[in-house]
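There are 2 protein chains.
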Amino acid sequence: MGRPIRTRRQATLASLAAELGVSRTTVSNAYNRPDQLSPELRRRVLETARRLGYPGPDPVARSLRTRKAGAVGLLLTENLSYAFRDPAAIGVLEGLALACEDAGVGLHLVPASPGREDVAAVHRAGVDGFVVYSVPDDDPHLAAVLQRPVPTVIVDQPRVEGVDRVGPDDAAAITGLANHLVELGHRQVGVLCMRLARERNDDFASVPRQREAHFHVQRTRLAALAKAFEAVGVDWASVPVVERFEHTVDDGASAARQLLDAYPQVTALICTSDILALGALAEADRRGLRVPAELTVTGFDGIAEAERHGLTTVHQPVLDKGRAAGKLLLASAEHGAPRVITLPTELKVRSSSAPPRTAEQMWFGP
Amino acid sequence: MGRPIRTRRQATLASLAAELGVSRTTVSNAYNRPDQLSPELRRRVLETARRLGYPGPDPVARSLRTRKAGAVGLLLTENLSYAFRDPAAIGVLEGLALACEDAGVGLHLVPASPGREDVAAVHRAGVDGFVVYSVPDDDPHLAAVLQRPVPTVIVDQPRVEGVDRVGPDDAAAITGLANHLVELGHRQVGVLCMRLARERNDDFASVPRQREAHFHVQRTRLAALAKAFEAVGVDWASVPVVERFEHTVDDGASAARQLLDAYPQVTALICTSDILALGALAEADRRGLRVPAELTVTGFDGIAEAERHGLTTVHQPVLDKGRAAGKLLLASAEHGAPRVITLPTELKVRSSSAPPRTAEQMWFGP
DNA sequence: TTGAAAGCGCTAACAG
DNA sequence: CTGTTAGCGCTTTCAA
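Protein sequences appear in the order of chains A and B.
Going by UniProt numbering, the first sequence opens with residue 1, and the numbers climb by one from there.
Going by UniProt numbering, the second sequence opens with residue 1, and the numbers climb by one from there.
Okay, here's the thing in structure tokens:
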């Protein structure tokens, strides 16, 4: 509650109409179509409403009748905290919220705990459509969303046949980054990536595991990296890839540690997110490895903190991504072909990447 | 849309029941009370549902019937972007989202643009209660919320008679900070504060303006500062207070510039938020003023970045604040007295505060 | 301008 | 375990 005792919803539109001796239509019009009745009558209706403590038409009943909930649902998988701690996710959320605000509709965050397979929350959400942000291919909540007879837009992943999608061209984006490293001369690289499946594996990821990853984005980026490096003769099976279930700077650091401990010869650490890369930078610092002189580190996303740290990365317009998803959903006219919006990305070469130290330099110094 | 042509909601619970030759109750039970019918029958119901493309009970209709929307509304005033860019606000949002997730209810962000007085969105939101986060005393959206017959919890501000509230003890918290500065010997201080009213004033704020501020938090903090400094003989009317409408690091910097240009003798800059303080720090750096040797700067909130910059500040548990608000709202049993949860705060003395330089030091160096 | 009729789709007693 | 009965509170043709 919050305020003094409030008797349970006393007045309804009907009781108000009765009190006034007019029809329900008239009262309804007083609220929804002011031009449909005399100002004088309207004033009387509203005043009586105030006197009776009638709070105006019940939003749920109205929604049932109009078949419009006035809200869009947002499905974020995994612990909500990650969404609120990753600047890239916050950017998407902000963009989406902005689009909703422009349209005057609410944004309903669906409670989707990872553990509790609480698909019911999806069924219970009174919304006109869903935006699904970056979930695994086999997410049960996503399945539940797709069952609902409302429009859906997926951001980033997964790719579902026939469903609208907004996201970057991951393969192209990371290929550009890989080419940058190839041109610099890196051949001994290592990769730090985010979770590849719903089951935890804080360890090296085998090639089959990479190929079968349940997260489209990671799968695509790894595949593109493999292709780019194999094109210059690198045997991808020999490239160490370390996976982390949680997406934090600390996990990035521990992943870098695990990788560098086992493969000290690596000259470049490619991270599939800036958060992980920031951790890698911290770990390099901890072991006294100079970046980029002794180790190149790259990220992905282009968050503000990456810029402050001079991280070479791929920037993607997260705010626009969220906004585009919202607009797409809200513009959902009946349409045939699913729509796909591919956002531009930009390679940001900064001070964390440089040519690898040659063996000679290793011995005689730079 | 998103997927191939989908005929408009064909099946309903009733049509399914008819098709199966059972009553609506039975179908409803198949979804909501599995233990109320034979597994065999339930299986048949669910299978037929799938065959007919029945997506399960309509959430809005269910809400109307059960009188439970399964969501709580969140009213954030002002441009949404500020909420998503202030770490303190994000923390509150995260805590609230967590509480909602625990309870399995959705979190509905109400679109409340500052300009467009779109109070309708508040009326349209199908929610079981509202959390209002930090809005001005005279916010029309808040008024609309209080009109709705659902529980409400206010976070931080304003204080409304009879409404549940969660927040820190601002006066006590900032008094602790003021005493710290007083003990260090500061008497010539300046203040950087956030907006004091809904109309913009990016300039010095007169004492009357401070006293009549429409934002309870700012008003309280300024009053407490005044009291603490007047207690040691400082004439508050002579203390410069610069106000900024927007809450960004850049605005903090420009405010600091404006203040220091006019009052170069100031030895300490008290900022009512870490964001503003971070800007002040940047400005001090820009003009070559060493902190804390030549200028003391303090903040409020205790965000992570403040810690990285060694900012002396008052820390408040923002995540707990959001979570507490959610729990309070969701626990809303009928109750008499409004509840108030006061969160603990902690003065964090770090490296941005030190005794003021004496005149002697000014001439002869430290 | 105003009113009467007809549900939107579902759940909750309660009785069988 | 299943069905019958009654609305939840509102909007919306269509007439008057």
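Virtual Cβ for every residue (Gly too), placed ideally from N, Cα, C.
The structure displayed is predicted, hence computed values, not measured ones.
Whole-number beta carbon distance between A/Asp261 and A/Gly302, since they are thought to touch under 8 Å: About 29 Å separates the two Cβ atoms, so there is no contact after all.
Helix, strand or coil at B/Glu202 according to DSSP, with G and I counted as helix: First, the amino acid is wrong: residue 202 of chain B is Asp here, not Glu. It is coil, neither helix nor strand.
Terminal residues of the beta strand (DSSP E) in which B/Leu107 lies: 106-109 is the span of the beta strand (DSSP E), which, as asked, contains B/Leu107.
Validate contact between the region 342-350 of chain A and the region 313-325 of chain A using beta carbons, cut 8 Å, 3 pairs: yes
Contact under 7 Å by Cβ, B/Gly167 with B/Pro151: Contact: no.
DSSP beta-bridge partners of B/Val191: B/Val241, B/Ile270
CA-to-CA distance, A/Val163 to A/Ile154, given in whole angstroms: 7 Å
Residues, ordered as in the chain, of the region 139-150 of chain A that lie near chain B by beta-carbon distance below 8 Å: Residues of the region 139-150 of chain A with a C-beta atom less than 8 Å from some C-beta of chain B are Leu146, Gln147, Arg148, Pro149, listed in chain order.
A/Pro168, enclosing beta strand (DSSP E) - first and last residue: In this chain, the beta strand (DSSP E) harbouring A/Pro168 covers 164-168.
Residues near B/Pro366 in its chain [Cβ-Cβ closer than 7 Å; skip 5 each side]: For B/Pro366, the predicted structure reports a pLDDT of 47, less than 50, and the residue's modelled location is therefore unreliable. The matter cannot be settled from this model.
Contact residues within the region 100-112 of chain B, judged by C-beta distance below 9 Å to chain A: When C-beta distances to chain A are compared with 9 Å, the residues of the region 100-112 of chain B below that value are Cys100, Glu101, Asp102, Ala103, Gly104, Val105, Gly106, Leu107, His108, Leu109, Val110, Pro111, Ala112, in chain order.
Separation of B/Ser81 from A/Gly326, as counted between CA atoms: The alpha-carbon atoms of A/Gly326 and B/Ser81 are separated by roughly 15 Å.
Where A/Trp363 sits in the DSSP three-state scheme: The predicted model places A/Trp363 with a pLDDT of 48, which falls under 50 and marks its position as unreliable; any figure quoted below should be read in that light. The three-state secondary structure of A/Trp363, taken from DSSP, is helix.
Beta-carbon gap between B/Leu225 and B/Ala178 smaller than 7 Å: yes
Helix, strand or coil at A/Asp261 [DSSP, three-state]: helix
A/Ile341 - containing beta strand (DSSP E), residue span: Residues 340-343.
Close-in-space but distant-in-sequence residues of the same chain around B/Phe245 (CB under 6 Å, 5 per side omitted): Closer than 6 Å at the Cβ level, and outside the excluded window around B/Phe245, lie Arg195, Arg200, Asp202.
Reduced DSSP secondary structure (H/G/I, E/B, other) of B/Asp251: helix
Length of the line joining the Cα atoms of B/Val232 and B/Leu181: 11 Å
B/Gly322 beta carbon less than 7 Å from that of B/Leu96: yes
Any chain A beta carbon closer than 7 Å to B/Gly56: yes
Extent of the continuous beta strand (DSSP E) run through B/Ala71: 71-76
Presumed contact (8 Å Cβ cut-off) between residue 387 of chain B and B/Leu330, rounded CB distance: Here chain B comprises residues numbered 1 to 366, so residue 387 of chain B is not present and cannot be evaluated.
Runs of alpha helix (DSSP H) wholly within the UniProt domain "HTH lacI-type" (11-66) of chain B (minimum 4 residues, chain order): At a cut-off of 4 residues, the continuous stretches assigned as alpha helix (DSSP H) that sit fully inside the UniProt domain "HTH lacI-type" (11-66) of chain B are 13-20, 24-32, 39-52, 59-66.
A/Gly73 versus A/Gly126: straight-line alpha-carbon distance, rounded: 8 Å
Reference A/Ser351; option with closest CA among A/Arg290, A/Thr358, A/Arg219: A/Arg290
Minimum C-alpha distance to A/Pro149 - residue among A/Arg67, A/Ala223, A/Phe229, A/Ile90: A/Arg67
Buried or exposed (CB count within 10 angstroms, at least 16 for buried), B/Thr25: Looking at its Cβ environment, which holds fewer than 16 other Cβ atoms inside 10 Å, B/Thr25 is exposed.
For B/Thr152, three-class secondary structure by DSSP: strand
Integer-rounded CB distance, given that A/Val266 should sit under 8 Å from A/Gly190: 4 Å
Cβ pair B/Ala61, B/Val105 closer than 7 Å: no
Sequence-distant residues of the same chain with beta carbon closer than 8 Å to B/Pro57, five excluded per side: Leu13, Ser28, Tyr31, Asn32
Neighbourhood of B/Arg257 by C-beta distance below 6 Å, restricted to the same chain and skipping five residues each side: Glu283, listed in sequence order.
Continuous alpha helix (DSSP H) stretch holding B/Thr298: start and end: Segment 296-298 is the beta strand (DSSP E) holding B/Thr298; no alpha helix (DSSP H) there.
Test: A/Ala61 CB closer than 7 Å to a CB of chain B: yes
One or two residues paired with B/Leu347 in a DSSP bridge: B/Val314
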